[in-house]
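Asks:
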Amino acid sequence: MPSTSRVEETVTEKEKVKEPSILESDPDPTRGKESLAEAAEVAADPLPESEAVVLAEVETEAEAMATPKEPSVSEMARQETESETSSEAGLRAELGNGGFILVLFETTNGFAIFSYDGVNLYKPFAIENIWADFLVDYLAKSVVRLEIFETFDDKTSAINVVTGVNNRVATMIRNAIRPGQKLAVGNFEYKQIIEKELKIPCLFDKAVMELMWGLKNCIKTLLPGAPEPTKEYCLHMSEGMNIVLRRYELEVEPEMVNECIVRVAGIVYDCDRCVNKYSQSLRTIGDLLKNISNIDTQHWGLLKLGSALMILCNFHDVLPPGDPLEVFTEDEYLKLLSHGPLYEGKIFKASLKVVYKEMLWARLTRNRMVIDLRHYVREAIKEYKAGQKFKEAREKYKSDQGFTSKIDMNKDV
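Here the sequence shown stands for residues 120 to 532, numbered as in the working numbering.
1) Tell me, please, which residues DSSP counts as bridged to Y235.
2) What is the DSSP secondary structure of V489, reduced to helix, strand or coil?
3) Determine which residues share a DSSP beta bridge with N89 and list them.
4) Please say whether L422 and M356 have beta carbons closer to each other than 8 Å?
5) Just list the residues that DSSP pairs E225 with in beta bridges.
6) In whole angstroms, what separates the C-alpha of N279 from that of R382?
7) Does DSSP put A303 in a helix, a strand or coil?
8) How long is the line joining the alpha carbons of R513 and E370, rounded to whole angstroms?
9) Helix, strand or coil for S518 per DSSP?
10) I need the straight-line Cα distance from E368 to V496, nearest angstrom please.
11) Need the endpoints of the alpha helix (DSSP H) that C393 sits in, please.
12) Using only the alpha-carbon positions, how far apart do K301 and L214 sit?
13) What is the DSSP secondary structure of T484, reduced to helix, strand or coil?
14) Need the endpoints of the alpha helix (DSSP H) that T340 sits in, please.
15) Can you tell me which of the three DSSP states E502 falls into?
16) Kindly indicate the opening and closing residues of the alpha helix (DSSP H) around T252.
17) Grouping DSSP H, G and I as helix and E and B as strand, with all else coil, what is T403?
18) So, at 6 Å on beta carbons, what are the nonlocal neighbours of L254 in its own chain, with the 5 sequence-adjacent residues on each side left out?
19) Would you report the Cα separation of T484 and G305, rounded to the nearest angstrom?
20) Are there 16 or more other CB atoms within 10 angstroms of the CB of R297, so buried, or fewer, so exposed?
21) On the DSSP letters alone, give me the boundaries of the alpha helix (DSSP H) that S107 sits inside.
22) How is the alpha helix (DSSP H) around V363 delimited, first residue to last?
23) Hey, out of F467, D256, K517, whose CA is closest to M429's CA?
24) If distances are taken between C-alpha atoms only, which option among N486, N228, K504, K315 comes closest to D391?
25) Answer with buried or exposed for P373, where buried requires no fewer than 16 other C-beta atoms within 10 angstroms of its C-beta.
26) What is the C-beta distance between V284 and E316, in whole angstroms, given that I count them as a contact (C-beta under 8 Å)?
27) Quick check: I232 and M328, are their CB atoms within less than 8 Å of each other?
28) Could you work out which residue in K472, R482, G217 is closest to C393 when comparing CA atoms only?
29) If you count every other CB in all the chains shown that lies within 10 Å of the CB of I267, and 16 or more means buried, which is it?
Written out as structure tokens, the structure is:
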């Protein structure tokens, strides 16, 4: 779950435009989707379904006779971890060593080996998640751990096609790696050489490349004493950031990226994760609505589904402004108002309320930040185009005046 403090620190009161509806998926105020009904039409989930916190318990008829003790949100998070991972458990078994891998990372003056949860490389939206995890130092420190670092005076002979893997690097890797453990490397050539010479299975793909970008972005914190990466590299358009910007139909050239765009794009993505981590659980309750009340929620966005559950649980005080009949049909709304008793013992109402309020807050913050993000992108494009025009004008002036970059050493004048 993204850090609350990280997002809160960035949210300001400077926006003068009218805030879009919380149920609105596209926060662009120019689209005029201000009513609850219009917002609901575009309340599709910004990301497909991903991780979930268990909010619903479908009981047998015998179990329904008892009144279950309602879990806290933290207990629900634990239940999610236990319930979501039948496929993840298989992946961990396939990776070996509980899913943890080693990462061979090349620095300017040596090689470092980090340990990392390899399952993150294969989860849905792995590239975007990895990018977000390495935007700030304290998050990066929570997902990787330094195992060993050694300096090399001549890295060219450490790993290459001609000499293979030299003894010092080979010893470094063998001392750190466990039997059957996989090693992520920064380029395909290293993968081929290490697998051939050391018989160690290596990983290299787009997700691994994003991980390498993240390590370099935060290397000053992860490896004290290491040379700090250049500002140009830190603002480099990683694949994860490119995906996030495209999701909001923002086309940005790599040279246009600045610190504001990077920071706000990270917050936008964190807010989306904050909503979509509850997707599986809410969809499970959506199945209950279909089975018990014959309400089809298949094409509803998560906020619309959450709002329906608040009506069902009689938590009208937390709903955003608007007429529910502009969002739901009359039949759906009447069922939501009257069918609450049918769900006793099947959903945890108080926990649902906490989760819904968190989702509303995240969506509102996301909408504000998207407005900022679009502003920063527009300004970056203007600045870039102005710079290009100045450069073209300067070159034209030089050409018109007969300037040349070459100096004739035989002439004094």
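Glycine included, C-beta positions come from ideal geometry on N, C-alpha and C.
Replies: Taking the coordinates as given:
1) Answer by DSSP bridge pairing, in chain order: I220, V263.
2) Helix, per DSSP.
3) Lying outside 120 to 532, the shown extent of the chain, residue 89 is not represented and no answer is given.
4) Not a contact, by the Cβ cut-off of 8 Å.
5) F230
6) 38 Å
7) strand
8) 27 Å
9) helix
10) Roughly 11 Å between the two C-alpha positions.
11) 378-395
12) 7 Å
13) If DSSP states are grouped into helix, strand and coil, T484 belongs with the helices.
14) That run of the alpha helix (DSSP H) goes 338-341.
15) helix
16) The amino acid occupying residue 252 in the given sequence is Asp; Thr does not appear at that position. Run containing D252: 245-252, per the alpha helix (DSSP H) assignment.
17) helix
18) Excluding its 5 nearest sequence neighbours in each direction, L254 has C-beta neighbours in its own chain below 6 Å: G385, listed in chain order.
19) 36 Å
20) exposed
21) A question about residue 107 goes unanswered here, because the residues of the chain that appear run from 120 up to 532.
22) Taken as a continuous stretch (DSSP letters only), the alpha helix (DSSP H) holding V363 covers 358-366.
23) F467
24) N486
25) exposed
26) 5 Å
27) Pairing I232 with M328 gives a Cβ-Cβ distance that is not under 8 Å.
28) R482
29) exposed
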